[in-house]
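Participant:
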Amino acid sequence: MTPETAMKQEVDFILNTVGKLFCDIDYFAEYASKVAIENYQDSIRSNRVYSYDAREEGAYFCAIPKYLCNSLEMAVSALFIYSLYDHEEWPKTEKPWKDNFNTGEWKQHLKNDWIPEYFSCRGTSSIKYIQADTIEGFDIKNKILDLAVASRILSIIRYGDIHAWNAFDYLIETEDDYILFESWTTA
9 MTPETAMKQE VDFILNTVGK LFCDIDYFAE YASKVAIENY QDSIRSNRVY
59 SYDAREEGAY FCAIPKYLCN SLEMAVSALF IYSLYDHEEW PKTEKPWKDN
109 FNTGEWKQHL KNDWIPEYFS CRGTSSIKYI QADTIEGFDI KNKILDLAVA
159 SRILSIIRYG DIHAWNAFDY LIETEDDYIL FESWTTA
């Protein structure tokens with residue numbers, strides 16, 4: 009098998025797996041509802057940066073080491089739950105549903121609210137493989153991209169509304185990590 013054929017097979021596998029997660033919200037919610045965030049709080053790296061000028065830009069990433077994941081579904085689910093906790097400012101030492109509802113209800117909330125909201129699974133959602141050197145976005149992304157990507161990039165998948173002018177969402181695979189990377193503007 010040539011290196012080009014192997015790379016195409018890997019890209020097809022990633023696109024199919026990510027496509028199944030994003031297109032089958034039940035499937036994604038099943039994986040995500042089983043993530044115990046307290047098991048990852050010391051292993052996942054994350055950071056965000058905002059502009060302090062009129063451009064109103066921001067960027068965020070969270071990265072999980074590959075050795076902690078036995079599948080791409082597990083990696084994406086753990087990154088999603090971790091980023092959800094970050095964005096909602098929930099403490100990572102406890103489950104948000106601990107005193108409010110059971111695990112089945114948490115899965116329903118993920119399916120009906122959080123996954124569609126954070127992964128743009130409503131309406132114009134799509135995924136697209138892009139070249140490893142074509143991360144688009146805004147000037148502010150450069151301030152955080154070097155922190156996010158600590159090893160050679162193997163693949164980049166853009167997801168969500170890929171025609172949006174004000175938001176860019178990526179799943180990046182490096183030699184060592186899986187990374188969710190976002191950049192946006194409100195201007």
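For the sequence shown, our numbering begins at 9 and goes up steadily by one.
Note that CB positions come from ideal geometry on N, CA and C, so glycine has one too.
By how many angstroms is the C-alpha of G112 removed from the C-alpha of I164?
Facilitator: Counting from 1 along the sequence shown, the entry for residue 164 is found at position 156. Counting from 1 along the sequence shown, the entry for residue 112 is found at position 104. Roughly 33 Å separates the two Cα atoms.
Participant: Would the beta-carbon of K4 fall within 8 Å of that of E38?
Facilitator: No statement about residue 4 is possible, as the shown extent of the chain runs from 9 to 195 and does not include it.
Participant: Please report the residue range of the beta strand (DSSP E) in which Y60 lies.
Facilitator: The count along the sequence shown starts at 1 and reaches residue 60 at position 52. No beta strand (DSSP E) contains Y60, which DSSP labels as neither H nor E.
Participant: Going by beta-carbon coordinates alone, are Y186 and A83 separated by less than 8 Å?
Facilitator: Position 178 of the sequence shown holds residue 186. Position 75 of the sequence shown holds residue 83. Contact flag set, yes.
Participant: Just the C-alpha distance for D79 and A156, rounded to the nearest angstrom, thanks.
Facilitator: If you number the sequence shown from 1, residue 79 lands on position 71. If you number the sequence shown from 1, residue 156 lands on position 148. In the sequence under discussion, the amino acid at residue 79 is Ser, which differs from the Asp named in the question. Each residue's alpha carbon lies about 21 Å from the other.
Participant: Given that a residue counts as buried once 16 or more other Cβ atoms are within 10 Å of its Cβ, and exposed if not, what is F102?
Facilitator: If you number the sequence shown from 1, residue 102 lands on position 94. A small correction: the amino acid at residue 102 is Glu; Phe does not occupy that position in the sequence shown. Looking at its Cβ environment, which holds fewer than 16 other Cβ atoms inside 10 Å, E102 is exposed.
Participant: Per DSSP, what kind of secondary structure is W173 in: helix, strand or coil?
Facilitator: On the sequence shown, position 165 is the one that residue 173 refers to. Residue state, collapsed to three classes: coil.
Participant: Straight-line CA distance for G66 to H171?
Facilitator: If you number the sequence shown from 1, residue 66 lands on position 58. If you number the sequence shown from 1, residue 171 lands on position 163. Using only the alpha carbons, I get a separation of about 18 Å.
Participant: Leaving out five residues before and five after Q49 in sequence, what residues of the same chain have Cβ atoms less than 6 Å from its Cβ?
Facilitator: Translated into positions along the sequence shown, residue 49 becomes position 41. Correct list, in chain order: K100.
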